[in-house]
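Beneath this line is the structure, given in structure tokens, with notes to follow.
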Amino acid sequence: MRHLTNIYDIEQALADHRICLFYIKAPDCGVCNVMLDKVESIVTHFPTLCSIYTDITEEPLIAGRFLVYSGPTVLLFMEGKEVYRTSGFINLAELEIRIKKYQQV
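The sequence shown stops at residue 105 when you use full-length UniProt numbering, and every number in between is there.
Next comes the structure, spelled out in structure tokens:
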């Protein structure tokens, strides 16, 4: 997963890829760090999937633009549009199913 720190790079990644997973974490959030590792392990099964992450405090515009106020949050985009969102407890099996579903479309 690529670590992006500004809104321009994030928007560009979402626009440039057919499917993109965006993971947002919060500072000093133990759950966020554990879940990031788990999401990264899932992403390795999808080599063509764009996957990016950021810390919500690194870019103040992220919260407003994506309506995310806490971490961890996973957003899945297809052709620049959000198609799946989950926050807090992330069901990894469900996330993997969603990624597979949208890659087949």
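Glycine is no exception: its CB is placed at the ideal position from the N, C-alpha and C atoms. Small disclaimer: the values here were computed from a predicted structure and weren't measured.
query: Helix, strand or coil: how does DSSP classify VAL68 here?
result: As a first step, residue 68 is located in the sequence shown; it is residue number 68 there, counting from the start. If DSSP states are grouped into helix, strand and coil, VAL68 belongs with coil.
- prompt: Going by DSSP, which residues form a beta bridge with GLU82?
  reply: Locating residue 82 in the sequence shown gives position 82, counting from the first residue. In DSSP, GLU82 forms a bridge with PHE77.
field: Residue closest to VAL105, alpha-carbon to alpha-carbon, out of ILE19, ARG2 and PHE46
entry: By 1-based counting over the sequence shown, the position of residue 105 is 105. Among ILE19, ARG2 and PHE46, the Cα nearest to that of VAL105 belongs to ILE19.
task: Have a look at residue 112 and TYR53 and give me their C-alpha separation to the nearest angstrom.
output: Residue 112 cannot be examined here, being either before or after the span of the chain that is shown, 1 to 105.
ASP9 (DSSP reduced to helix, strand or coil): Looking up residue 9 in the sequence shown gives position 9. Helix, per DSSP.
task: Check ARG18 in the structure and name its three-state DSSP category.
output: Taking the sequence shown and counting its residues from 1, one reaches residue 18 at position 18. Three-state DSSP puts ARG18 in coil, outside helix and strand.
- prompt: With contact counted as at least three CB pairs below 8 Å, one residue from each stretch, are the segment 77-85 and the segment 51-65 in contact?
  reply: No: fewer than three Cβ pairs fall under 8 Å.
message: Does ILE90 come out as helix, strand or coil in the three-state DSSP assignment?
response: Sequence index remark: in the sequence shown, residue 90 carries index 90 (1-based). The three-state secondary structure of ILE90, taken from DSSP, is coil.
- request: Could you tell me how far apart the beta carbons of SER70 and LEU21 are, in whole angstroms, since I believe they sit closer than 8 Å?
  value: Reading the sequence shown from its first residue, position 70 is the one you call residue 70. Reading the sequence shown from its first residue, position 21 is the one you call residue 21. The distance from the Cβ of SER70 to that of LEU21 is about 18 Å, inconsistent with a contact at the 8 Å cut-off.
- request: Classify LYS101 as buried or exposed, calling it buried when 16 or more other Cβ atoms lie within 10 Å of its own Cβ.
  value: Residue mapping note: residue 101 aligns to position 101 of the sequence shown, counting from 1. Exposed, by the Cβ-count rule.
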